[in-house]
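Chemist: Could you have a look at this structure, given as structure tokens, before my questions?
Residue numbers (this note's numbering), protein chains in the order written: chain H, 1 to 614; chain Z, 1 to 625.
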């Protein structure tokens with residue numbers, strides 16, 4: 001889990017930081033180092049599979065660059081050698097030179113064209129890899145994590161953070177390779193030509209390093225801030241778009257505008273600050289370059305005056321010195337993108353570092369055909385936020401039994417359901433399926449054996465068929481229709497504009513709440529699990545619908561273990577056994593008939609419910 | 001395909017010219033124009049300095065410095081140093097000013113475009129939001145506007161500077177080497193043709209890539225919002241597969257983009273260089289014929305070398321401009337979406353709202369609903385007859401202070417009717433009247449102050465309980481007493497047991513609550529808004545019997561003079577109502593007190609009663625076939 005505060009540095013470097021410090025900008029030194037190391041490790045890790053391509057790209061950049069540099073040299077040759085030959089009537093030299101120039105032109109073009117493709121390949125491979133890693137990680141993480149970390153932040157990680165990395169990858173490789181090579185060659189040539197001027201250049205490296213260091217420290221903080229600001233902007237945007245119905249119904253528009261404008265302004269200001277920082281960084285490097293030229297001129301000039309240096313050589317050294325600083329602007333740009341991408345990778349690597357609280361078993365016990373015998377033994381459970389929901393819980397549900405859970409909100413019914421579905425793990429004790437601890441089951445076996453239909457019948461965009469098939473992706477069309485028929489959803493689906501191929505639109509906009517629940521029932525039916533948990537799964541159905549579902553349920557639940565949480569006691573009637581829960585304990589346990597006949601809570605509830613019926 | 005989003009119909013190919021598109025930016029860019037123009041001048045100045053410094057160096061060293069060397073006079077040296085230093089400082093100054101002048105105003109442009117978009121999105125009706133997936137909107141608000149800002153700050157400036165440099169360069173080449181210069185200029189003809197063809201192709205792919213990126217964002221959003229379903233069915237791996245293939249498609253598009261770019265780059269580098277290759281041979285020939293001096297030939301190639309860089313950069317700048325263009329297209333697609341639920345020009349204000357709601361011959365179908373097959377399928381389950389319209393002529397009057405329940409089968413249009421009252425949708429024909437005034441004659445702001453609504457699936461925002469409940473409360477009713485009253489009516493006392501009580505942050509970024517708890521907060525929110533008309537869309541479905549009873553009792557007592565429209569599935573919710581309206585096949589087929597309807601309305605009995613015997617139930621079902 002994440003540690004967001006406290007703890008000595010040693011302990012901290014041992015435990016992953018995760019997303020705990022995500023919103024923090026001024027990290028202390030150790031955390032900052034750890035976070036940066038984590039980010040760099042991720043970048044190297046992503047590039048590793050592409051290293052062959054990466055170096056191929058670099059080679060192509062060299063070829064293209066060399067061919068381009070060759071151009072002026074060939075021209076010089078044409079004037080120095082070709083022209084005299086031609087004047088003597090010998091055109092072969094000029095023809096040869098013309099051909100060489102053409103060749104260089106094609107090489108330069110082809111080289112550039114090829115490295116653009118290769119660089120895109122590297123960059124896209126890295127991005128795809130990272131996208132998939134982040135997606136897989138968000139699927140892997142437990143609900144406990146998702147209940148804190150919002151969808152907006154995950155989207156921010158997947159969009160704007162990846163965009164920052166993309167910027168670096170798209171231009172970084174080529175600019176860096178060509179710029180470095182250019183500077184290296186120019187520097188070497190200068191040393192060979194006149195080592196004293198070369199020394200001047202070497203000295204100039206010192207202020208360059210100082211400026212770079214200054215920029216690195218400052219920009220790191222600004223870019224961290226930038227990631228946080230853009231994530232906040234995205235979170236706010238996503239939340240308001242998702243909840244647009246409530247936004248409009250309660251006239252939140254102007255307050256929202258104010259809030260969003262403020263967040264956009266924070267983001268803008270942060271952007272501006274990083275631009276301004278870059279606007280000092282880049283000219284500073286150029287200033288150093290131009291000052292170096294002036295210094296070289298002063299020293300060289302004196303040497304010329306002393307007669308130690310020829311004028312011709314001086315001109316050459318000065319031109320080299322000036323040219324040495326030509327790619328500086330480009331390199332500054334690359335470094336800037338690198339800083340921005342690093343900040344983004346700090347956030348992404350934090351997300352990737354998170355460990356699910358519900359872990360997969362290392363050596364899973366195979367259970368391909370579960371019977372559905374459930375047992376809670378000495379179970380204690382509390383959410384991370386504090387309160388203990390189940391202080392000490394024991395329960396045995398034999399295979400095939402249909403159990404109804406009754407009790408007021410907060411009694412622990414949903415918690416019980418979530419423990420069986422392993423959305424959470426018990427704090428203490430064990431939950432067993434057919435005698436096997438749930439924590440020892442493979443995810444595949446667990447999900448095949450236990451399925452839960454939740455309160456929210458979420459529909460994904462796509463067709464009705466796709467949404468039902470989520471229960472078992474390899475199901476045939478006939479099986480999907482059969483599942484829909486079994487839960488009484490077939491008819492309304494047939495009436496939709498395109499039947500099973502109707503697009504449910506964004507958030508199932510055009511399907512009523514009751515119909516959504518029927519679709520999610522069909523999903524569960526298709527999944528055909530040994531244990532089925534229905535957590536308030538019938539609340540939106542109309543009475544005829546519920547009646548039909550109930551008939552379907554009786555056959556559906558016939559040969560499997562079922563746990564039904566329902567406020568509508570009509571659903572409870574089909575149960576073999578009723579558990580009344582209060583404060584995380586079972587206070588009544590028996591057949592519906594026995595409990596109704598008694599004078600306990602259930603009896604009272606049932607009477608009240610009977611009375612409400614007409 | 002599982003869990004993968006694609007944007008539907010909104011992709012009309014916007015094939016406007018690039019210039020026309022960019023001109024639309026003018027209103028946003030105008031305040032920044034003076035600074036951007038100044039910045040461009042600075043960029044030109046910096047470019048000129050960069051060109052001039054080597055020339056000046058050469059001239060100075062050859063001239064005054066060489067002179068000083070022979071005369072031993074150091075003044076020549078200092079002159080040269082001063083000149084180089086001066087030019088160097090000037091160059092840095094120009095570079096610095098270019099950034100200062102341009103970058104700040106472009107961030108303002110980006111900001112104003114972003115907030116304008118957000119504002120417009122909030123103004124657009126729900127019908128729009130139903131059709132546009134979230135990722136597509138987000139990618140427009142973030143990625144596209146970032147792209148546009150970068151283009152304004154860098155792309156357009158460099159494009160102008162490069163064109164100017166190349167233009168000046170070619171003019172110089174023509175002056176120094178006459179026919180050679182013209183030949184070089186001739187090379188611009190195939191380049192122009194190729195650029196045009198490249199633009200057409202690249203624009204299409206760039207657009208595709210941006211759309212795919214938006215869809216990918218939608219898929220991410222859905223995979224997180226639907227995480228419980230994915231976990232419950234163990235469908236993470238399938239969701240991953242589907243996402244991975246979608247991301248793979250985006251990569252393919254990007255690679256396609258790179259291939260186009262690569263082919264174009266080949267031409268843009270090779271053509272001018274090849275022309276120069278020809279110029280070498282021809283130039284030498286001209287010199288041997290005495291038509292050109294050696295010096296002019298050298299100068300020609302020196303200038304060609306200088307403009308080489310800017311020419312090569314044009315390819316990159318062109319692709320950037322095309323991407324920016326499609327970003328602008330995408331942005332304006334949303335901004336141009338017409339608001340079909342707009343405020344009237346001369347809004348009506350009621351002096352005092354009594355709270356009478358009347359539906360007059362209301363017909364409604366969702367604007368994007370495709371025509372459906374009107375032949376009913378054979379069926380043995382109760383259902384509504386297929387129809388294109390959800391409501392096919394509803395007439396209903398709800399008296400001031402009355403509580404009216406809407407009852408009908410799933411899909412009968414109850415929720416739609418409820419949503420029409422606060423104008424979340426507008427009627428297709430007919431009218432909804434509040435105190436005899438068409439609600440379309442009022443501003444939405446005013447109407448929604450009078451009408452509050454609670455939904456079945458409650459939307460809570462990342463904020464404290466207090467903020468969530470008082471979301472729509474009038475300014476004079478935001479005290480603690482108001483809050484507690486609303487919470488008490490909605491039986492939401494559980495909030496006091498939360499870690500920080502009413503100051504606990506809930507919603508996505510806070511504590512997660514159960515469905516029943518969320519519903520009660522949504523109900524409290526609607527009550528706290530102190531509306532004249534309260535619309536409850538089955539807001540008690542996730543409550544247990546006891547709580548529901550308590551809520552119902554409190555609502556009856558507190559809302560005696562508020563008009564209440566309640567969508568109901570259960571007799572217990574109907575108990576709240578003075579009268580019940582039965583919705584059947586998009587019409588109201590019966591209005592009256594619950595007890596009367598129960599006696600003489602077969603469909604009502606069928607919908608609401610769980611006590612009718614199975615035989616009668618099946619008979620009623622038979623009637624529907």
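Heads up, the beta-carbon is just placed ideally off N, CA and C, and yes, glycines get one too. Being a predicted model, the structure only gives us computed values, none of them experimental.
Do residue 233 of chain H and residue 273 of chain H come within 7 Å of each other at the CB atom, strictly closer than that value?
Modeler: Not in contact: residue 273 of chain H and residue 233 of chain H (Cβ atoms no closer than 7 Å).
Chemist: Who are the neighbours of residue 347 of chain Z on chain A, taking C-beta pairs under 8 Å?
Modeler: In the structure shown, chain A does not exist; the protein chains are H and Z.
Chemist: Is the shortest distance between the beta-carbon of residue 63 of chain Z and the beta-carbons of chain H less than 7 Å?
Modeler: No, residue 63 of chain Z does not count as interfacial toward chain H.
Chemist: For the segment 400 to 466 of chain H, list the alpha helix (DSSP H) runs that are entirely contained and at least 4 residues long, ordered along the chain.
Modeler: Fully enclosed alpha helix (DSSP H) runs of 4 or longer: 413 to 420 and 443 to 449.
Chemist: To the nearest angstrom, how far is it from the Cα of residue 498 of chain H to the Cα of residue 598 of chain H?
Modeler: The alpha-carbon atoms of residue 498 of chain H and residue 598 of chain H are separated by roughly 52 Å.
Chemist: If contacts are defined as beta-carbon pairs under 8 Å, then residue 40 of chain Z and residue 168 of chain Z qualify, I think. What distance do you get, rounded to the angstrom?
Modeler: With 8 Å as the limit, residue 40 of chain Z and residue 168 of chain Z do not qualify as a contact, their Cβ atoms being about 15 Å apart.
Chemist: Scan the segment 297 to 365 of chain H and note each continuous alpha helix (DSSP H) run of 4 residues or more that stays entirely inside, going in chain order.
Modeler: Counting whole runs of 4 or more residues, the segment 297 to 365 of chain H contains the alpha helix (DSSP H) stretches 311 to 324 and 328 to 353.
Chemist: Assuming the contact rule is C-beta atoms closer than 8 Å, residue 586 of chain H and residue 579 of chain H should be a hit. Round their C-beta distance to whole Å, please.
Modeler: The Cβ separation is near 5 Å, so the contact holds.
Chemist: Residue 631 of chain Z lies in the beta strand (DSSP E); which residues open and close that run?
Modeler: Given a span of 1 to 625 for chain Z in the structure shown, any question on residue 631 of chain Z remains unanswerable.
Chemist: With DSSP run on the structure shown, which of helix, strand or coil describes residue 131 of chain H?
Modeler: Three-state DSSP puts residue 131 of chain H in a helix.
Chemist: So with Cβ pairs under 7 Å, would you call residue 447 of chain H a contact of chain Z?
Modeler: Chain Z, which has a Cβ nearer than 7 Å to the Cβ of residue 447 of chain H, makes this yes.
Chemist: Output needed for residue 226 of chain H: all residues of its chain with C-beta closer than 8 Å, excluding positions within five of it in sequence on either side, in chain order.
Modeler: Cβ within range, chain order: 267, 270, 271, 274, 340 and 343.
Chemist: In chain order, what residues of the same chain have a beta carbon less than 8 Å from the beta carbon of residue 603 of chain H, not counting five sequence neighbours either side?
Modeler: Only 595, 596 and 597 meet the Cβ criterion.
Chemist: With 7 Å as the threshold, decide whether the Cβ of residue 117 of chain Z is near any Cβ in chain H.
Modeler: False, the Cβ-Cβ gap to chain H never drops below 7 Å.
Chemist: Classify residue 567 of chain Z: buried if its beta carbon has 16 or more other beta carbons within 10 angstroms, exposed otherwise.
Modeler: Per the 10 Å Cβ criterion, buried.
Chemist: Could you tell me whether the Cβ of residue 180 of chain H comes closer than 7 Å to any Cβ of chain Z?
Modeler: With 7 Å as the cut-off, residue 180 of chain H does not count as an interface residue toward chain Z.
Chemist: Short of 7 Å in beta carbon distance, which residues of its chain neighbour residue 11 of chain Z, apart from the five on each side in sequence? Order them along the chain.
Modeler: The predicted position of residue 11 of chain Z is uncertain, since its pLDDT is 45 and thus under 50; no value can be drawn from it.
Chemist: Give the DSSP bridge partners of residue 63 of chain H, in chain order.
Modeler: Bridge partners of residue 63 of chain H: none, in fact.
Chemist: For residue 478 of chain Z, is the beta carbon positioned less than 6 Å from some heavy atom of the ligand NAD?
Modeler: Ligands are entirely absent from the displayed structure, and the ligand NAD is therefore not among its contents.
Chemist: Excluding sequence positions up to five away, which residues of its chain have a Cβ less than 8 Å from the Cβ of residue 254 of chain Z?
Modeler: Correct list, in chain order: 209.
Chemist: Any idea if residue 414 of chain Z is buried or exposed, counting beta-carbon neighbours within 10 angstroms, 16 or more meaning buried?
Modeler: By the 10 Å Cβ count, residue 414 of chain Z comes out buried.
Chemist: Do residue 202 of chain Z and residue 135 of chain H come within 7 Å of each other at the CB atom, strictly closer than that value?
Modeler: For residue 135 of chain H and residue 202 of chain Z, no; Cβs fall outside 7 Å.
Chemist: Looking at the C-beta of residue 528 of chain Z, does it have a partner C-beta in chain H at a distance below 7 Å?
Modeler: No, no contact with chain H.
Chemist: Check distances from the C-beta atoms of the segment 264 to 284 of chain H to those of chain Z and list, in chain order, the residues that come in under 9 Å.
Modeler: Listed in sequence order: 264, 265, 267, 268, 269, 271, 272, 275, 276, 278, 279, 280, 282, 283 and 284.
Chemist: Take the Cβ of residue 57 of chain Z as the centre, count every other Cβ of all protein chains shown within 10 Å, and call the residue buried at 16 or more, exposed below.
Modeler: By the neighbour-count rule (16 or more Cβ atoms within 10 Å), residue 57 of chain Z is buried.
Chemist: My understanding is that residue 272 of chain Z touches residue 220 of chain Z, with C-beta atoms under 8 Å, so please give their C-beta distance in whole angstroms.
Modeler: Not a contact, Cβ separation roughly 44 Å.
Chemist: Residues of chain H with a CB under 8 Å from the CB of residue 294 of chain Z: which are they?
Modeler: Those are 79 and 83, listed as they occur along chain H.
Chemist: So what's residue 479 of chain Z in DSSP terms, helix, strand or just coil?
Modeler: Coil at residue 479 of chain Z, not helix or strand.
Chemist: Any beta-carbon of chain H closer than 7 Å to the one on residue 467 of chain Z?
Modeler: For residue 467 of chain Z, the answer is no, since every Cβ of chain H falls outside 7 Å of its Cβ.
Chemist: Compute the Euclidean distance between the alpha carbons of residue 228 of chain Z and residue 130 of chain Z, then round it to the nearest angstrom.
Modeler: Roughly 22 Å separates the two Cα atoms.
Chemist: Taking only the alpha-carbon atoms, compute the straight-line gap between residue 427 of chain H and residue 545 of chain Z and give it to the nearest angstrom.
Modeler: If you take the alpha carbons of residue 427 of chain H and residue 545 of chain Z, they lie about 32 Å apart.
Chemist: Rounded to whole angstroms, what's the CA-CA distance from residue 352 of chain H to residue 45 of chain H? Just pull it up for me.
Modeler: Roughly 13 Å between the two C-alpha positions.
Chemist: Within the 7 Å Cβ cut-off, does residue 333 of chain Z reach chain H?
Modeler: Not an interface residue.
Chemist: Can you tell me which of the three DSSP states residue 627 of chain Z falls into?
Modeler: Since the first residue of chain Z shown is 1 and the last is 625, residue 627 of chain Z is not available in this structure.
Chemist: Taking residue 181 of chain H as part of the alpha helix (DSSP H), name the residues at either end of that continuous run.
Modeler: Its alpha helix (DSSP H) spans residues 162 to 193.
Chemist: In angstroms, rounded to a whole number, what distance separates the CA positions of residue 70 of chain H and residue 121 of chain H?
Modeler: Rounded to the nearest angstrom, the two C-alpha atoms are 28 Å apart.
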